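Each remark here refers to the structure printed beneath this line.
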Amino acid sequence: MGRLLHLDSIWHLTLHSPLHFVRALARQCHLGLVSPLLILVFCCCQVTPVLAGEAQPLAEDPVLEQRMVNIAQELRCLVCQNESLASSRADLAEDLRREVRTLLKQGKSDDEIKAYLVARYGDFVLYRPLVKPLTWVLWFGPLLAMVIAILGLVVYLKRGQTKATQGGPKPLSDDERARLEILMKDGRGL
Amino acid sequence: MKRRFFLIPLALFMGLLIFLGLGLRHDPHEIPSPLINQAAPAFDLPTLTSDQHFAPKDYLGRVWIFNVWATWCVACQAEHPVLVAFAKSSGLPIVGLSYKEIQPQDEEKTPLSLEAKLTLARLRSRVWLGRHGDPYQLSVLDLDGKVGIDYGVYGVPETYLIDAQGVIRYKHIGPMSSEILANEVLPLARSLQKGA
Chain Y
1 MGRLLHLDSI WHLTLHSPLH FVRALARQCH LGLVSPLLIL VFCCCQVTPV
51 LAGEAQPLAE DPVLEQRMVN IAQELRCLVC QNESLASSRA DLAEDLRREV
101 RTLLKQGKSD DEIKAYLVAR YGDFVLYRPL VKPLTWVLWF GPLLAMVIAI
151 LGLVVYLKRG QTKATQGGPK PLSDDERARL EILMKDGRGL
Chain L
1001 MKRRFFLIPL ALFMGLLIFL GLGLRHDPHE IPSPLINQAA PAFDLPTLTS
1051 DQHFAPKDYL GRVWIFNVWA TWCVACQAEH PVLVAFAKSS GLPIVGLSYK
1101 EIQPQDEEKT PLSLEAKLTL ARLRSRVWLG RHGDPYQLSV LDLDGKVGID
1151 YGVYGVPETY LIDAQGVIRY KHIGPMSSEI LANEVLPLAR SLQKGA
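What follows is the structure, given as structure tokens:
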């Protein structure tokens, strides 16, 4: 854990962003290693400089921007891996959004743009994994598990039924029937 | 017989635990690069020395290391002595990719012209290399990070091994250690050199 944490913070310090330190803290908070209160205090001290770097360029073409956002929502930001490319504020995400815009202006299709990013960063950038032999377990595994479970349930219930009809409890003998009769009458005739 | 059936869910659960336990040991930052065994993406970028350009095809016929770094990168500083020592001991050429040396905060007050950016990046890089040692044959300036995107860079430092045919054979994400260099990179580089 120590190594991981160390790597994380160093990476976030070095990665692409004026927000890097806040991000590193947020991540550690996520891992439950730093108190959120501490971060709140930290953020209050930092608010002005953090906001200063955040001015987003205005979209020149709203249609293009919407297409860019649609694509970016399907893609993972590699720096902050739980964020989509559309929502991340990491510098790399901004660069990649710019790249997607450029490609859209060149008339590339959505699939071509995704292929462009997959060629560089691997399938990992796709939030919706491709269907291919390597991901079959992922796509069809749950379905398979459900089918097996249903089959198991059916077999189990069937077995119980045959037991009930075939084996089942034995019919009462004459002696038992007589005792039952007495019991039913006054309830204490043993 | 019945008792054994009872053990099946337990066994499945243990299997799941082991599976998830192994997952915990997995570093999510280490994403396998699709660029392994692919031709190194072409570029033509200015180097730290004025008026000089470098393209990967200039190094065809040589096995070389491509290291992404920046002066603002803390982890690069940590890995730097390892690289300096490795450059000396192995004799393998190391080319640096100075990744986005000019950061947004450098332009906070006044936007810089391309010329100014180049000058500033060169100056800062040379001072940094003067202080920490220079393992690079040369270092190219990727100011806008576009070449970084082509190489799938998402965290500095990153290190590639490129063979004599210009094909990427190995990639390491994050700071290099002398163990990785000695145990993985150097043997691979030597075998590639023999093959070339």
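As you go down the protein sequences, you meet chains Y and L in turn.
Counting along the first sequence from 1, when you hit position 8 you're at 8 in this note's numbering, and nothing is skipped either side.
One gets this note's numbering by counting positions in the second sequence from 1 and adding 1000 to each.
Glycine is no exception: its CB is placed at the ideal position from the N, C-alpha and C atoms.
All figures in this text were calculated on a predicted structure; none of them were measured in a lab.
Since Ile1162 (chain L) contacts Phe1066 (chain L) with CB under 8 Å, what's their CB separation in whole angstroms? 6 Å
Using a C-beta to C-beta distance shorter than 7 Å, which residues of chain L count as neighbours of Gln92 (chain Y)? It should be pointed out that residue 92 (chain Y) corresponds to Leu in this sequence rather than to Gln. Near Leu92 (chain Y) (Cβ distances below 7 Å), the residues of chain L are Tyr1154.
Would you mind telling me which residues of chain L sit closer than 7 Å to Phe124 (chain Y), beta carbon to beta carbon, in chain order? Those within 7 Å of Phe124 (chain Y) in chain L are Ile1031.
So, does the stretch 1141-1152 of chain L touch the stretch 1075-1090 of chain L, judging by three or more C-beta pairs under 8 Å? no
Short of 7 Å Cβ to Cβ, which residues in the stretch 170-181 of chain Y face chain L? none
Tell me, please, whether the CB atom of Val155 (chain Y) is closer than 7 Å to any CB atom in chain L? no
Run through chain Y and tell me which residues come within less than 8 Å of Pro1028 (chain L), C-beta to C-beta. Gln81
Hey, how far is the Cα of Leu1048 (chain L) from the Cα of Arg1122 (chain L)? 5 Å
Select from the stretch 1102-1126 of chain L all residues with a C-beta closer than 8 Å to any C-beta belonging to chain Y, and list them in chain order. Gln1103, Pro1104, Gln1105 and Glu1108
Top-ranked residue by Cα proximity to Asp1150 (chain L), from L:Arg1004, L:Ile1008, L:Pro1056 and L:Leu1010: Answer by Cα proximity: L:Pro1056.
Which of the three DSSP states is assigned to Ile1031 (chain L) in this structure? coil
Drop a sphere of 10 angstroms on the beta-carbon of Arg128 (chain Y), count the other beta-carbons inside from all chains shown, and report buried for 16 or more, exposed for fewer. exposed
To the nearest angstrom, how far is it from the Cα of Glu65 (chain Y) to the Cα of Arg101 (chain Y)? Note on geometry: alpha-carbon atoms of Glu65 (chain Y) and Arg101 (chain Y) lie some 7 Å from one another.
Cβ neighbours of Ala52 (chain Y) in the same chain (closer than 7 Å, five flanking residues each side left out): Any answer about Ala52 (chain Y) is weak, because its pLDDT of 47 lies below 50 and its placement is not dependable; what the coordinates show is given next. Same-chain partners within the cutoff: there are none.
Quick one, are the C-beta atoms of Ala1070 (chain L) and Glu1101 (chain L) less than 7 Å apart? yes
Spatial neighbours of Arg67 (chain Y) in its chain, beta-carbon cut-off 7 Å, leaving aside the 5 residues before and after: Leu104
Just verifying my parser: in three-state terms, what is the DSSP assignment at Lys1194 (chain L)? When DSSP states are grouped into helix, strand and coil, Lys1194 (chain L) belongs to the helix group.
Specify whether the stretch 1117-1133 of chain L and the stretch 1035-1050 of chain L touch according to this definition: at least 3 beta carbon pairs, one from each stretch, less than 8 Å apart. yes
May I ask you to list, following chain order, the residues of the stretch 1170-1196 of chain L that have a beta carbon less than 9 Å from some beta carbon of chain Y? Gly1174 and Pro1175
Taking only three categories from DSSP, how would you classify Pro1046 (chain L)? strand
Integer Cβ distance of Gln1137 (chain L) from Pro1081 (chain L), believed to fall under 8 Å: Actually they are not in contact, since the Cβ atoms of Gln1137 (chain L) and Pro1081 (chain L) sit about 18 Å apart, beyond 8 Å.
Whose C-alpha, out of Y:Arg159, Y:Pro62 and Y:Leu75, is nearest the C-alpha of Leu126 (chain Y)? Y:Leu75
Counting only C-beta atoms, is Gly1145 (chain L) closer than 7 Å to chain Y at any point? yes
In the DSSP assignment, find the unbroken alpha helix (DSSP H) run with Asn70 (chain Y) in it and report its ends. Pro62 to Gln73
Below 7 Å CB to CB, which residues in the same chain sit around Ala55 (chain Y) once its five sequence neighbours on both sides are set aside? In this predicted model, Ala55 (chain Y) has a pLDDT of only 49, less than 50, meaning its place in the structure is not dependable; the value taken from the coordinates is given anyway. Same-chain partners within the cutoff: there are none.
Starting from Trp1128 (chain L), follow its DSSP beta bridges and name the residues at the other end. Note: Trp1128 (chain L) sits in no beta bridge, so no partner.
At which residue ranges does the stretch 1066-1136 of chain L contain complete alpha helix (DSSP H) runs of 4 or more residues, listed in the order of the chain? 1074-1090 and 1114-1132
Residue from L:Ala1164, L:Tyr1170 and L:Glu1184 whose Cα sits closest to the Cα of Lys1194 (chain L): L:Ala1164
Looking at chain Y, is there any beta carbon in it that lies within less than 7 Å of the beta carbon of Gly1034 (chain L)? The question names Gly, yet the displayed sequence has Pro at residue 1034 (chain L). Answer yes: the Cβ-Cβ gap between Pro1034 (chain L) and chain Y drops below 7 Å somewhere.
CA-to-CA distance, Leu78 (chain Y) to Asp1106 (chain L), given in whole angstroms: 24 Å
Give the straight-line distance between the Cα atoms of Tyr1059 (chain L) and Leu1022 (chain L), rounded to the nearest whole angstrom. 41 Å
Note down, in chain order, every chain Y residue with its Cβ under 8 Å from the Cβ of Asp1150 (chain L). Arg120
What is the DSSP secondary structure of Val1167 (chain L), counted as helix, strand or coil? strand
Where Glu99 (chain Y) meets chain L, residues with beta-carbon distance less than 9 Å: Lys1146 and Ile1149
Ala1203 (chain L) and Ile1168 (chain L): beta carbons closer than 7 Å? Residue 1203 (chain L) cannot be examined here, being either before or after the span of chain L that is shown, 1001 to 1196.
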